[in-house]
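**Q** Residue numbers (the numbering used here): 55 to 579.
Can you keep this structure in mind? I'll have questions shortly.
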């Protein structure tokens, strides 16, 4: 009997030691020099696409040469982190890729800032010191179009989203007066600059928002009704077209605009210290979640207290901007919140990191300092768990995404050696991604051995083969059984271009070394 209880006790200890947030794998991508990741998105084939900037030449696992000082670099990978394809874009100067959008037509939009003239594979000259530079790719990574936008001074793109009509909203910070293809005014040192373009890159409108000092966009989201929420950092008083006062050194400044770019209302949030936002998230219940960092004590509109230094500050608003609840979260002395995502059950995952704490001249890093930190909270902001993942260097977590199997991908930049939780490295700074399990989330079943996204489509669709294979052949057929395309297959994601075909129903059929599958695809106008 004593032996039975010993075994039972040992089983309990083993079960308690198994984490519900296990690391499934990690991967590093880069050349021998510096590669900085700023964004990552899930793709419809269960894979991921990573976006950032690189100064590395062809080396490590980077396949393209460098065009200039710094280039856009995009890495498309499958669900296990293996390469599907990678692309580099840039001119002779600095090109800084901030965000990537997976578009409804199965392609991608790259959005960032360029100081390059026409050179490399940048097709247009700039207008000022720096301009918005956006590039549209189709499903297989081939370029469809690119656009340069700006005035005669400095215009830096910070974020972008796809709109409900298939166009895009670009948002950043501008020092330019009305000039070149910028129509919006300049009100002070730097203003919010918002540009709406259609699906082909043509400008529909642009507008500026700001006061006499510094106003910088950080995040945008589409409203449940028509229009958008624009969130940024402001230290301007009630001046220019800013209609709210300043509380401290800097505040969260939220501007609600309609679909034509006109201001509907504005709100400022902050205490008597410095409060810097990074995320505005539209929630499933039509509320808003705002997140950033704060070193303010309880004061003005901030009522949640800090523990030490700068903490995460997160609060929920109703659709009119009234605070429903707020929380702060402490990691170290100086904490940086990068992103927040909402899960299907209303819980949320926050991604960030804490900067080094120093004792005298000696750097002292405890677990979670200069590491990736993920914190899961419920719908009221109560903490459920946190996970620290890191190496012996600086690990800067930029993005967390919910994967189609309901795990998480943590993506950022690391300069650490192969140590701690990091099992691979390429150069001085690498893209570093970590696949994390979350057993609290229910896995979503796939749609069969073949899936097509988007379907219906007016152009490209992606056909996903949901099994591994050694070799395969595929064809696209009309409803009379006539083959209209023979399609080469090298990956489990197969881009199919229907843009030149008549409207109707088509059958995509693939024969692998295992068996034959087919899926119907509807071509629409």
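Where a beta carbon is used, it is the ideal one built from N, C-alpha and C, also for glycine.
Note that the structure is a prediction, hence the values are computed from the model and not measured.
For the segment 89 to 167, which segments carrying the beta strand (DSSP E) assignment without a break, of at least 3 residues, lie completely within its bounds, in sequence order?
**A** Counting whole runs of 3 or more residues, the segment 89 to 167 contains the beta strand (DSSP E) stretches 89 to 96, 102 to 108, 125 to 131, 137 to 143, 149 to 156.
**Q** What do you reckon, are the CB atoms on residue 286 and residue 302 nearer than 7 angstroms?
**A** Contact: no.
**Q** Report yes or no: do the segment 485 to 494 and the segment 462 to 469 share at least 3 C-beta pairs separated by less than 8 angstroms?
**A** Contact holds: three or more Cβ-Cβ distances are below 8 angstroms.
**Q** Do you know offhand how far residue 374's Cα is from residue 318's?
**A** Going from the Cα of residue 374 to the Cα of residue 318 covers about 10 angstroms.
**Q** Distance check for residue 459 and residue 56, CA to CA, integer angstroms please.
**A** Note that residue 56 scores a pLDDT of 45, beneath 50, so its modelled location is shaky and nothing firm can be said.
**Q** Using the Cα positions of residue 294 and residue 309, report the straight-line distance between them to the nearest angstrom.
**A** Their Cα atoms are separated by approximately 14 angstroms.
**Q** Assuming residue 140 and residue 152 make a contact with CB atoms under 8 angstroms, what is their CB distance in whole Å?
**A** In fact, because the Cβ distance is near 18 angstroms, the residues do not count as touching under 8 angstroms.
**Q** Given a cut-off of 7 angstroms on the beta-carbon distance, is the pair residue 560 and residue 160 in contact?
**A** No, these two residues do not count as a Cβ contact at 7 angstroms.
**Q** Grab me the residues of residue 355's own chain with a C-beta within less than 8 angstroms of its C-beta, minus the 5 sequence neighbours each way, in chain order.
**A** Excluding residues within five positions, the ones whose Cβ falls inside 8 angstroms are 301, 322, 323, 324, 325, 377.
**Q** Would you mind stating whether residue 388 and residue 429 have Cβ atoms separated by less than 7 angstroms?
**A** For residue 388 and residue 429, no; Cβs fall outside 7 angstroms.
**Q** Is residue 566 helix, strand or coil when you go by DSSP?
**A** Looking at residue 566 - three-state DSSP - the assignment turns out to be strand.
**Q** Could you pull the DSSP bridge partners for residue 556 from this structure?
**A** Note: residue 556 sits in no beta bridge, so no partner.
**Q** On the CB-based measure, 16 or more other CB atoms within 10 Å of its CB, does residue 427 come out buried or exposed?
**A** Buried is the call here.
**Q** Please report the distance separating the alpha-carbon of residue 471 from that of residue 291.
**A** The alpha-carbon atoms of residue 471 and residue 291 are separated by roughly 46 angstroms.
**Q** With residue 320 and residue 296 assumed to form a contact (beta carbons below 8 angstroms), what rounded beta-carbon distance in angstroms separates them?
**A** With 8 angstroms as the limit, residue 320 and residue 296 qualify as a contact, their Cβ atoms being about 7 angstroms apart.
**Q** Between the beta-carbon of residue 94 and the beta-carbon of residue 453, is there less than 7 angstroms?
**A** Closer than 7 angstroms, so yes.
**Q** Within its chain, find whatever has a CB closer than 8 angstroms to the CB of residue 476; leave out the 5 residues flanking it on each side and keep chain order.
**A** Closer than 8 angstroms at the Cβ level, and outside the excluded window around residue 476, lie 80, 82, 444, 445, 449, 468, 470, 486.
**Q** Would you please state the rounded distance, in angstroms, between the beta carbons of residue 98 and residue 516? I believe it to be under 8 angstroms.
**A** Indeed they touch by this definition, with Cβ atoms about 6 angstroms apart.
**Q** Please identify the residue among 237, 563, 278 whose C-alpha is closest to the C-alpha of residue 218.
**A** Minimum Cα distance to residue 218 is reached at 278.
**Q** Given a threshold of 16 other Cβ atoms within 10 Å of its Cβ, counted over all protein chains shown, does residue 353 qualify as buried or as exposed?
**A** Counting Cβ neighbours within 10 Å, residue 353 comes out exposed, since fewer than 16 surround it.
**Q** Would you grab the beta carbon distance between residue 223 and residue 188 for me? Rounded to a whole angstrom, and I think it's under 8 angstroms.
**A** Between residue 188 and residue 223 the Cβ distance is about 11 angstroms, and since that is not below 8 angstroms, they are no contact.
**Q** Check this for me: beta carbons of residue 359 and residue 327, under 7 angstroms apart or not?
**A** For residue 359 and residue 327, no; Cβs fall outside 7 angstroms.
**Q** Which ranges does the beta strand (DSSP E) cover as unbroken runs of at least 3 residues, wholly within the segment 423 to 503, from first to last along the chain?
**A** List check, beta strand (DSSP E) in window: 426 to 431, 437 to 443, 449 to 456, 462 to 468, 484 to 490.
**Q** Do you know offhand how far residue 572's Cα is from residue 530's?
**A** Answer to the nearest angstrom: the Cα atoms are 10 angstroms apart.
**Q** Tell me residue 245's beta-bridge partners as DSSP assigns them.
**A** Residue 245 is bridged to 228.
**Q** Determine the direct distance from the alpha carbon of residue 509 to that of residue 557, and round the result to whole angstroms.
**A** If I take the Cα positions, the gap works out to 13 angstroms.
**Q** Nearest by alpha-carbon distance to residue 533: which of 502, 574, 102 is it?
**A** Taking only the C-alpha atoms, the option nearest residue 533 is 574.
**Q** Is residue 174 closer than 7 angstroms to residue 204 when the C-beta atoms are compared?
**A** Their beta carbons are not under 7 angstroms apart, which means residue 204 does not touch residue 174 by this criterion.
**Q** At what residues does the beta strand (DSSP E) containing residue 200 begin and finish?
**A** Per DSSP, residue 200 belongs to the beta strand (DSSP E) from 197 to 203.
**Q** Is it right to say residue 434 is buried, meaning 16 or more other beta carbons lie within 10 angstroms of its own, or is it exposed?
**A** The residue in question, residue 434, is exposed, as its Cβ has fewer than 16 Cβ neighbours within 10 Å.
**Q** Residue 495 to residue 171, Cα distance in whole Å?
**A** If I take the Cα positions, the gap works out to 47 angstroms.
**Q** Let me make sure I understand the geometry here. Which of 235, 241, 362, 240 has the alpha-carbon closest to that of residue 251?
**A** Measuring from the Cα of residue 251, the nearest candidate turns out to be 235.
**Q** Could I get the ranges of all uninterrupted beta strand (DSSP E) runs contained in the segment 507 to 547, with 3 residues as the minimum, in chain order?
**A** Qualifying beta strand (DSSP E) stretches, in chain order: 514 to 519, 526 to 531, 537 to 541.
**Q** Quick test of your reading: residue 241 and residue 262, contact by CB under 8 angstroms. State the CB separation rounded to the nearest angstrom.
**A** That belief holds up - the Cβ atoms of residue 241 and residue 262 are roughly 7 angstroms apart, short of 8 angstroms.
**Q** In three-state terms, what does DSSP make of residue 172?
**A** Residue 172 falls in the coil class under three-state DSSP.
**Q** Using a Cβ-based criterion (distance less than 6 angstroms to any ligand heavy atom), does residue 199 qualify as near the ligand COA?
**A** In terms of ligand content, the structure shown is empty, and the ligand COA therefore cannot be addressed.
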